[in-house]
Ligand SMILES: Nc1ncnc2c1ncn2[C@@H]1O[C@H](COP(=O)(O)OP(=O)(O)OP(=O)(O)O)[C@@H](O)[C@H]1O
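Numbering (the UniProt record's numbering), first residue to last: 1 to 255.
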């Protein structure tokens with residue numbers, strides 16, 4: 001078990017609130033994410049999980065509170081500045097270019113101008129290195145044998161794996177995954193869960209996930225949100241036994 005010094009935390013958000021026309025979607029949330037761990041955000045529908053994600057990646061500006069990343073105050077930064085610092089959110093599936101091959105999708109991701117290595121990968125002379133890196137990323141997500149497939153023809157679970165490969169192309173220090181297993185059958189869920197564990201071996205993962213067996217299998221720490229506030233935090237055993245958590249899930253039984 002690691003010690004709880006400030007340096008252990010890659011993200012320290014304090015007093016985060018976000019209002020929409022006076023309604024608090026997120027209210028006074030303190031969230032500390034320990035470096036090189038998998039941290040899950042869970043909670044019933046409308047709990048504020050996506051809003052919290054958007055606040056951390058700066059897609060939304062907090063109404064109140066501060067966010068520190070590696071000790072640096074990033075509250076006022078723009079999304080692309082946050083991404084350049086190493087916080088990268090998995091792209092939505094629609095961000096995969098459907099008519100392009102799997103390899104071309106990863107190539108596009110490697111050459112994306114938001115990446116810190118943009119100029120390097122742009123050079124024609126680095127083409128061989130680029131091809132090696134594409135294969136390395138595809139291998140990392142178990143997609144090497146699909147490299148010449150057109151993205152649109154991939155099964156759903158493989159599309160999500162491709163999406164993770166394109167995210168890893170930016171070599172994020174911190175990866176935010178928004179419902180990585182949503183809409184998947186058992187087999188794909190297991191494969192993606194294994195992939196998350198693998199990519200988390202040398203980076204920090206913060207994920208919003210509805211599948212509680214995935215959450216329990218992967219997460220070092222779980223923060224439970226309800227009605228925009230932190231309801232409980234701890235490992236799976238702790239939060240799943242917390243009566244307030246049980247109540248929140250029963251109360252939000254449509255989840
Ligand atoms: N842009 C917006 N304008 C107005 N209200 C919003 C906006 N975004 C979110 N909300 C409201 O804030 C609350 C929290 O929403 P959020 O999407 O963060 O919840 P969530 O936990 O991600 O839910 P789900 O599990 O259903 O995706 C909800 O009541 C939602 O309707």
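Built from N, CA and C at the ideal position, the CB exists for glycine as well.
Check whether the Cβ of residue i sits closer than 7 Å to any heavy atom of ligand 1, and report yes or no.
i	result
residue 47	yes
residue 23	yes
residue 181	no
residue 20	yes
residue 167	no
residue 65	no
residue 15	no
residue 86	no
residue 51	yes
residue 43	yes
Please classify residue i as buried or exposed, where buried requires at least 16 other C-beta atoms within 10 Å of its C-beta.
i	result
residue 246	exposed
residue 250	exposed
residue 69	buried
residue 98	exposed
residue 156	exposed
residue 45	exposed
residue 76	exposed
residue 198	exposed
residue 203	buried
How about residue i and residue j: do their beta carbons lie closer than 8 Å?
i	j	result
residue 103	residue 148	yes
residue 83	residue 228	no
residue 64	residue 15	yes
residue 41	residue 49	yes
residue 110	residue 138	no
residue 220	residue 52	no
residue 96	residue 172	no
residue 105	residue 151	yes
residue 85	residue 67	no
residue 193	residue 170	no
residue 226	residue 248	yes
For residue i, which residues of its own chain have a beta-carbon under 6 Å away from its beta-carbon, when the five flanking residues on both sides are left out?
i	result
residue 239	222, 224, 232 and 245
residue 205	38 and 175
residue 19	63
residue 12	32 and 68
Near residue i, which residues of its chain fall below 7 Å by C-beta distance, leaving aside the five closest residues on each side in sequence?
i	result
residue 78	58
residue 243	none
residue 209	40, 42, 179, 180, 181 and 215
residue 17	24, 26, 27, 28, 62, 63, 64 and 65
residue 211	181 and 189
residue 54	60
residue 146	102, 154 and 158
Under 8 Å Cβ to Cβ from residue i, same chain only, skipping five residues before and after it: list those, please.
i	result
residue 90	163, 164, 167, 175, 176, 177, 178 and 180
residue 107	130 and 134
residue 191	142, 157 and 161
residue 195	141, 142, 161 and 164
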